[in-house]
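Visitor: This is the structure I want to talk about, given as structure tokens.
Numbering (the working numbering), first residue to last: 35 to 120.
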């Protein structure tokens with residue numbers, strides 16, 4: 035999946051599967067246009083208000099990564115915190 039502010043669909047429409055790749059461009063330039071056009075059906079964005087340009091790259095990566103992990107049942111991550119046992 036390619037994360038870009040120019041995508042036609044938002045990230046909630048993506049079906050992240052085990053082994054998928056998440057691609058992000060440079061914070062200052064994003065992904066190259068030719069690359070985005072080649073994989074247009076795999077381009078997804080974070081919904082933003084019109085006045086906002088984009089989120090910081092590390093924040094965007096966190097949102098996409100956790101959504102991919104959530105859709106796959108958070109493999110390898112703890113499912114409960116210490117309060118679940120009290």
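Don't be surprised by glycine CBs; every beta carbon is placed ideally from N, CA and C.
1) How long is the line joining the alpha carbons of residue 98 and residue 119, rounded to whole angstroms?
2) Under the assumption that residue 96 contacts residue 56 (Cβ atoms under 8 angstroms), give the Cβ distance between them as a whole number of angstroms.
3) Output yes or no for whether 9 angstroms exceeds the beta carbon distance between residue 70 and residue 41.
4) For the beta strand (DSSP E) containing residue 74, name the first residue and the last one.
5) Grouping DSSP H, G and I as helix and E and B as strand, with all else coil, what is residue 47?
6) Which one or two residues does DSSP pair with residue 64 in a beta bridge?
Guide: Reading it off the structure:
1) 30 angstroms
2) No, residue 96 and residue 56 are not in contact; Cβ-Cβ is about 11 angstroms, not under 8 angstroms.
3) Contact flag set, yes.
4) Careful: residue 74 lies outside any beta strand (DSSP E) and carries neither H nor E.
5) helix
6) 60
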